[in-house]
Amino acid sequence: SIESPDALVEKTMAGVTYAESGVYANYPLTRLTRNGTNYLLDPIPNLYFTRDPFAAIGNGIAFSRMYAPTRQRETIYGRFVFKYHPEYAGSVRALYRSDLPFSLEGGDILNLGNGVLGVGLSQRTQPEAVEGLCRNLAMDEQNGIRSILAFDIPNVRAFMHLDTVFTQVDAGTFVIHPGITSVMKCCRVFMQGRQLKAMELKGTLEDILRE
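Encoded structure:
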């Protein structure tokens with residue numbers, strides 16, 4: 001019954017209660033005591049964090065497989081934008097898909113520049129997902145990514161995403177959580193022929209980024 005497309009989209013974000021849906025017609029006690037508080041379609045307040053549901057990498061998009069089930073609907077909006085908006089329709093390659101089994105979130109993806117991509121292994125991004133992303137990037141010669149650095153950070157909520165503890169603010173300038181340097185491991189992931197390879201990089205974070 002919602003005629004405005006904008007209002008419809010906003011309603012899918014704000015949530016739909018059972019009372020609004022009319023489902024409570026045959027549940028008189030529930031209607032009296034829980035009217036307007038039980039959701040048929042839950043709100044999506046975490047859409048506020050717009051970086052997480054997808055990330056641009058070169059000329060492609062990595063659509064996130066969100067770690068928490070409550071956030072998995074967030075990727076629907078990004079998929080619709082890049083599939084149907086006239087500026088993107090048919091011209092954007094999916095480098096990762098939200099229906100894949102391993103979680104990957106945009107907050108763990110950093111475009112470091114000069115063809116280098118940083119990806120965090122965190123509470124919300126699994127190494128299997130990063131390997132899949134790397135294979136897809138290797139098959140896309142137009143994306144410009146030539147080197148992938150995987151930053152393994154502790155799997156705890158305090159560190160959550162790579163961009164929580166390590167964020168680029170300018171060319172060659174980063175803000176970093178001081179407590180992460182002693183526990184973060186960095187690996188380079190690359191294709192050698194048809195084989196995916198990974199090697200741990202030694203040295204300080206500054207030395208690794210400089211190289």
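Going by this note's numbering, the sequence shown opens with residue 1, and the numbers climb by one from there.
Glycine included, each C-beta is placed from N, C-alpha and C at the ideal position.
Out of the options, point me to the one whose CA is closest to residue i's CA.
i	options	result
THR70	ALA55, ASP42, TYR77, ARG93	ASP42
GLU211	ILE148, THR17, TYR39	ILE148
ALA55	THR37, ARG194, LEU133	LEU133
VAL189	SER182, PRO127, LEU205, PHE174	PRO127
CYS186	SER122, ARG146, LEU8, ASP170	SER122
LEU40	GLU206, THR17, GLN72	THR17
MET199	ASP152, THR33, TYR48	ASP152
ILE44	GLY118, GLU131, ALA68	ALA68
GLY118	GLY193, ASN46, PRO28, LEU205	LEU205
VAL116	LEU47, ALA171, ILE2, THR50	ALA171
ASN114	GLY203, ASN26, LEU209	LEU209
Look at the Cβ atom of residue i, then the Cβ atom of residue j, and state whether they are nearer than 8 angstroms.
i	j	result
ILE61	ASN143	no
HIS161	ASP108	yes
THR167	PHE159	no
SER98	THR75	yes
LEU137	LEU201	no
ASP140	GLU105	no
ILE180	VAL156	no
Under a three-way DSSP split, which group does residue i fall into?
i	result
THR204	coil
VAL156	coil
PHE80	helix
ARG65	strand
ILE176	strand
VAL183	coil
THR17	strand
LEU29	helix
TYR24	helix
TYR39	strand
LEU104	strand
ASP163	helix
Taking DSSP's pairing of strands, which residues face residue i in a bridge?
i	result
ASN111	LEU117
ARG188	LEU149, MET199
GLY60	ILE57, ARG93
ARG135	In DSSP, ARG135 forms no bridge with anything.
GLN168	PHE174
Starting from the C-beta of residue i, find all residues in its chain whose C-beta is less than 8 angstroms away, skip the five residues before and the five after it, and write them out in chain order.
i	result
TYR88	VAL81, PHE82
SER21	LEU40
LEU251	Shown here, the chain extends from 1 to 211; a query on residue 251 therefore has no answer.
With a threshold of 7 angstroms on Cβ separation, who are the neighbours of residue i within its own chain once the five nearest residues in sequence on each side are excluded?
i	result
ARG135	LEU196
SER103	ARG65, MET66, TYR67, ARG124, THR125, GLN126, ALA129
GLY120	ASP108, PHE151, ILE153, HIS161, LEU162
LEU47	MET13, GLU74
PHE63	PHE54, THR75, GLY78, ARG79, ALA94, TYR96, ARG97, SER98
Take residue i and list the residues in its own chain whose beta-carbon comes closer than 6 angstroms to its own, dropping the five residues that flank it on each side.
i	result
VAL183	PRO154
ARG31	TYR24
LEU112	GLY118
GLN72	MET66
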